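One structure is given here, and the rest of the page talks about it.
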Amino acid sequence: MTIADTGRKPDSGVSAGEIRKTYPVLEMSCAACAVSVESILQHTPGVSAAGVNYATQTAWVQFNPSVVTPAELQTAVQEMGYDIVIETEETGVDARQVQEEAQQQRVQRLKQRTIWAVILSLPVVVIGMFFMNQIPYGSYIMMVLSAPVVFGLGRSFFVNAWKQARHGSANMDTLVALSTGIAFLFSAFTTLYPDFWHSRGVHPHVYFEAASVVITFIMLGKLLEEGAKSNTSSAIKKLMGLQPKTVHLVVGDSEQEIPIASVQVGNRLLVRPGEKIPVDGRVASGQSYVDESMISGEPVPVEKMAGAPVFAGTINQKGSFQFHAEKVGADTLLAQIIRLVQDAQGSKAPVQRTVDRIAGIFVPVVLGIAVLTFIVWAVFGRYLMPEADSLTTALLTSVTVLVIACPCALGLATPTAIMVGVGKGAENNILIKDAESLEIGHTVNAIVLDKTGTITEGKPVVTDLLWSVKTDEQPQLEAVLYALEKQSEHPLAEAVVAHLTKSAPVQLETFTSVTGRGVSARYHNGIYLVGNQALLTENQIDLPAELARQALELQNQAKTVVFFARRMLEASKGEVLAILAITDPVKASSKQAIDRLVSQGIAVYMLTGDNAQTAAAVAKQVGISQFKAEVMPTDKADFVRELQAAGKVVAMVGDGINDSQALAQANVSIAMGKGSDIAMDVARITLITSDLTSVPKALQLSKQTVRVVRQNLFWAFIYNLIGIPIAAGALYPAFGFLLNPMIAGAAMALSSVSVVSNSLRLRGIRL
Numbered sequence: 089m090t091i092a093d094t095g096r097k098p099d100s101g102v103s104a105g106e107i108r109k110t111y112p113v114l115e116m117s118c119a120a121c122a123v124s125v126e127s128i129l130q131h132t133p134g135v136s137a138a139g140v141n142y143a144t145q146t147a148w149v150q151f152n153p154s155v156v157t158p159a160e161l162q163t164a165v166q167e168m169g170y171d172i173v174i175e176t177e178e179t180g181v182d183a184r185q186v187q188e189e190a191q192q193q194r195v196q197r198l199k200q201r202t203i204w205a206v207i208l209s210l211p212v213v214v215i216g217m218f219f220m221n222q223i224p225y226g227s228y229i230m231m232v233l234s235a236p237v238v239f240g241l242g243r244s245f246f247v248n249a250w251k252q253a254r255h256g257s258a259n260m261d262t263l264v265a266l267s268t269g270i271a272f273l274f275s276a277f278t279t280l281y282p283d284f285w286h287s288r289g290v291h292p293h294v295y296f297e298a299a300s301v302v303i304t305f306i307m308l309g310k311l312l313e314e315g316a317k318s319n320t321s322s323a324i325k326k327l328m329g330l331q332p333k334t335v336h337l338v339v340g341d342s343e344q345e346i347p348i349a350s351v352q353v354g355n356r357l358l359v360r361p362g363e364k365i366p367v368d369g370r371v372a373s374g375q376s377y378v379d380e381s382m383i384s385g386e387p388v389p390v391e392k393m394a395g396a397p398v399f400a401g402t403i404n405q406k407g408s409f410q411f412h413a414e415k416v417g418a419d420t421l422l423a424q425i426i427r428l429v430q431d432a433q434g435s436k437a438p439v440q441r442t443v444d445r446i447a448g449i450f451v452p453v454v455l456g457i458a459v460l461t462f463i464v465w466a467v468f469g470r471y472l473m474p475e476a477d478s479l480t481t482a483l484l485t486s487v488t489v490l491v492i493a494c495p496c497a498l499g500l501a502t503p504t505a506i507m508v509g510v511g512k513g514a515e516n517n518i519l520i521k522d523a524e525s526l527e528i529g530h531t532v533n534a535i536v537l538d539k540t541g542t543i544t545e546g547k548p549v550v551t552d553l554l555w556s557v558k559t560d561e562q563p564q565l566e567a568v569l570y571a572l573e574k575q576s577e578h579p580l581a582e583a584v585v586a587h588l589t590k591s592a593p594v595q596l597e598t599f600t601s602v603t604g605r606g607v608s609a610r611y612h613n614g615i616y617l618v619g620n621q622a623l624l625t626e627n628q629i630d631l632p633a634e635l636a637r638q639a640l641e642l643q644n645q646a647k648t649v650v651f652f653a654r655r656m657l658e659a660s661k662g663e664v665l666a667i668l669a670i671t672d673p674v675k676a677s678s679k680q681a682i683d684r685l686v687s688q689g690i691a692v693y694m695l696t697g698d699n700a701q702t703a704a705a706v707a708k709q710v711g712i713s714q715f716k717a718e719v720m721p722t723d724k725a726d727f728v729r730e731l732q733a734a735g736k737v738v739a740m741v742g743d744g745i746n747d748s749q750a751l752a753q754a755n756v757s758i759a760m761g762k763g764s765d766i767a768m769d770v771a772r773i774t775l776i777t778s779d780l781t782s783v784p785k786a787l788q789l790s791k792q793t794v795r796v797v798r799q800n801l802f803w804a805f806i807y808n809l810i811g812i813p814i815a816a817g818a819l820y821p822a823f824g825f826l827l828n829p830m831i832a833g834a835a836m837a838l839s840s841v842s843v844v845s846n847s848l849r850l851r852g853i854r855l
């Protein structure tokens, strides 16, 4: 089984001559940063489309390499104060490793700066709030202690704000730099030139504690945010942890341990008991049982003998074996699963595009509100607050507006929930290829199921073998039947061979395949036949009434009946020796899954290319009242289209090439993981299991994820809608309340943390 490496493609598709690459982005500190990086990439010559995900810290770029190179893309981003990591074969740079190391270093630096900021800000707060008038030169001490916090430990805010300003842009750093810089400079002026205020009859106040504490709170919030965001990618880390770092390479009679990166296709590798299988391959020698639950979802270990396939990340049990590597590096099933999950976590849900546009204009709007707040208080402050200096109040309120505004909460609301949701799906054998499927899955009200391989096992088995001859004749006749079916190319023949594995085959003298009817062969002095009733009629073999009754009864149970007959060479007529009933059994979980879907108010339909009799029997067995039989692949897509025209949001579940058209047409497409590669390539959700109960689980995951997204967006919007007016002093005329900048800084930091923490709740839900 392979899973196609298809992340969400740009709406326009990849044009001829263009390529699509994903790069890790460094130095982004807020959602507005992501908008800035996305904008500069989109406006770079040669780039037709680009997108940036703040939560995953990645950017995908669709560009023409003959017009613009990755290095030029990097230069364009660097000019804005950010960076992208380019992976090249020549330098051996692992982009994600570079990003992870840079992220770790950034978090470590942030942690150190935050600790020092707390140490230096604490005495500033204590002096400012309790001992301002008791300590000589208290304001000078506060200025000395807060200066390194604002301009040293918080230097990155000012540097990034300046880089943004040079390009006519603004982000969260702009708000922080303006608010804390103005507060510090105003306080420094008041400390050094107090007479300026005294001469105007105003008692001057300083806001060093506000400036330093705002920087401290924002740094603390970012530190908590980074920790929370790293938790959202735990699914990726768990998947990556499934691959061992080294392997045992067998060369002749010797064995050596080498890094997994050095493994090449064709290498012979040894796997000992309890070890993880390093790459995909096929067993060459030895025997063991392998735990493949991370791929199939099935808890029972699978026996592996010579010729059996093995997959990277699965765990060997007690035995040991050697195998030949067939797929290494990025080609292994595990690597493709990891890449698929990464692409899905980095894709944007439709609602996120709207949020991105809002985040892009958020900072300029906040700057405008801050200016308006300053003007209003400067002009009307003397009437609203006669006892205070209107200029000071105007400065304080405008600074508070800049401090409390938080585009980060808006920017994190959707992607963090999507990241955790996709990770939760991966843990439950549900691979989601794009965020759009996760967003619209909860709206599905009609689901179309293919029969074979989806509701049924997709693997025919013999359920009945009814003999019409004496018991002592059966072993010899079984051997003839086994030999006949062993040579047959009919798909149902495999089921008969599997059923008669204990039989010893005999040597047939002749063998003939009769298209559409069955097979025949000569053995000793008789002609033996296996096939349908038409084959019996052709050979003038009558079907006894009792056998005919039994055959009809079996057919009514949705079973395919095959006849085994013999015609002796010297006899004019033959006889039916046995009848076999073959069926594709319904999966044990199918009825439970369908009952759950129906209980959720979802209309369930079954489509199959099988005959009406079989379709009716299977539908009755699993509780489906609406089904269509003998449908062609195009008919399936037409049926989905009809449901959509009737106002239904349709999910299609299938596993075969014949389902691919319907999967492409459906609103939500789900492929069974053991199905065809084409079906999994088309489908936006892949189930790495044969268990149909994963379908209602996927829809439930969508419902829970969308609920969290809505909660996040609600609180992010409400926070800003309420916080900004309060910071501007809207409550003062009625309640005499003005918000302290320190409290505003704490609220701003906590808003981002609360959104990420709410998203992390998805990790604990039961599907």
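In terms of my numbering, the sequence shown is numbered consecutively and its last residue is 855. In this text, a Cβ means the ideal position worked out from N, Cα and C, and glycines have one as well. Keep in mind that this is a model prediction, so the values were computed, not measured.
Can you give the beta carbon distance from Pro112 to Gln145, rounded, assuming they're within the 8 Å contact cut? 6 Å
Element boundaries [beta strand (DSSP E), containing Ala396]: From DSSP, Ala396 is part of no beta strand (DSSP E); its letter is neither H nor E.
Determine the extent of the alpha helix (DSSP H) in which Ala636 is found, giving its start and end residues. Element bounds for Ala636: Ala633 to Gln643.
Is the CB-CB distance between Leu580 and Thr793 below 8 Å? no
In chain order, what residues of the same chain have a beta carbon less than 8 Å from the beta carbon of Arg605, not counting five sequence neighbours either side? Only Gly619, Asn620, Ala622, Leu623 and Glu626 meet the Cβ criterion.
Residue environment, Asn755, which counts as buried when at least 16 other CB atoms sit within 10 Å: buried
Beta-carbon proximity check, Asp743 vs Ala725, cutoff 8 Å: no
Would you say Val173 and Leu210 are within 8 Å of each other, going by their C-beta atoms? no
Of all the alpha helix (DSSP H) runs that stay within the bounds of the stretch 677-746, which reach a length of 4 or more residues? 678-687, 700-710 and 721-733
In this structure, how does DSSP classify Glu573 when only helix, strand and coil are distinguished? In this structure, Glu573 counts as helix in the three-state DSSP scheme.
My output table needs one value for Met507: the three-state DSSP class, helix, strand or coil. helix
What residues in its chain sit with their C-beta under 8 Å from that of Lys785, if we drop five residues either side in the sequence? Asn516, Ile518 and Leu855
Less than 8 Å between C-beta atoms, sequence neighbours within five positions excluded: which residues of the same chain meet that for Ala159? Ile174
Going residue by residue through the stretch 339-392, where are the continuous beta strand (DSSP E) segments of at least 3 residues, counting only ones entirely within it? DSSP runs (the beta strand (DSSP E)) wholly in the stretch 339-392: 342-347, 356-359, 368-374, 376-379 and 390-392.
As assigned by DSSP and simplified to three states, the class of Ser764: At Ser764, the pLDDT of 49 sits below 50, so the modelled position is not reliable; the number obtained from the coordinates is stated separately. Looking at Ser764 - three-state DSSP - the assignment turns out to be coil, as it is neither helix nor strand.
Determine the DSSP secondary structure at Met656, reduced to helix, strand or coil. Three-state DSSP puts Met656 in a strand.
What's the call for Ala676, buried or exposed, on a 16-neighbour Cβ count within 10 Å? exposed
Please name the residue or residues paired with His412 in a DSSP beta bridge. BP columns for His412 point to Arg356 and Arg370.
Taking the alpha carbon of Ser227 as the reference point, which residue from Met168, Gly134 and Val212 has its own alpha carbon closest? Minimum Cα distance to Ser227 is reached at Val212.
Can you name the start and end residues of the alpha helix (DSSP H) that Glu160 belongs to? Pro158 to Gln166
Host beta strand (DSSP E) of Gly606 (start-end): Judged by DSSP secondary structure, Gly606 falls within the beta strand (DSSP E) whose first and last residues are Gly606 to Tyr611.
Residue range of the unbroken beta strand (DSSP E) whose run includes Asn141: Val135 to Asn141
Three-pair Cβ contact test at 8 Å for the stretch 455-475 versus the stretch 808-823: yes
Within a Cβ cutoff of 7 Å, which residues of the same chain sit near Pro397, ignoring the five residues on either side of it in sequence? Arg370
Start-to-end residues for the beta strand (DSSP E) that takes in Pro112: Ile107 to Leu114
Using a Cβ-Cβ cut-off of 7 Å (strictly less than) and excluding sequence neighbours within five positions of Val585, which residues of its own chain qualify? Tyr570, Glu573 and Lys574
Neighbourhood of Val508 by C-beta, 7 Å cutoff - its chain only, sequence neighbours within 5 removed: Thr320, Ser847, Leu848, Leu850 and Arg851
Nearest candidate by alpha-carbon position, reference Pro452, set Ala493, Leu161, Leu129 and Ser136: Distances from the CA of Pro452 to each of Ala493, Leu161, Leu129 and Ser136 were compared; the closest alpha carbon is that of Ala493.
If I measure Cβ to Cβ from Ile853 and keep anything under 6 Å in the same chain, skipping five residues before and after, which residues do I get? Gln792
Expressed to the nearest angstrom, what Euclidean distance is found between the alpha-carbon atoms of Leu838 and Gln344? 53 Å
Which residue's Cα is closest to the Cα of His612: Leu657, Arg470 and Phe219? Leu657
Could you please give me the residues that DSSP links to Ile518 through a beta bridge? Leu775
Compare the Cα-Cα distances from Val156 to each of Gly134, Glu167 and Ser287 and report the closest residue. Gly134
Mapping the DSSP letters down to three states, classify Tyr295 as helix, strand or coil. coil
Give every residue of the same chain whose Cβ lies closer than 7 Å to the Cβ of Thr481, excluding the five residues on either side of it in the sequence, and list them in chain order. Trp465, Gly469 and Met473
For Gly619, name the three-state secondary structure that DSSP assigns. The three-state reading of DSSP puts Gly619 in strand, counting E and B together.
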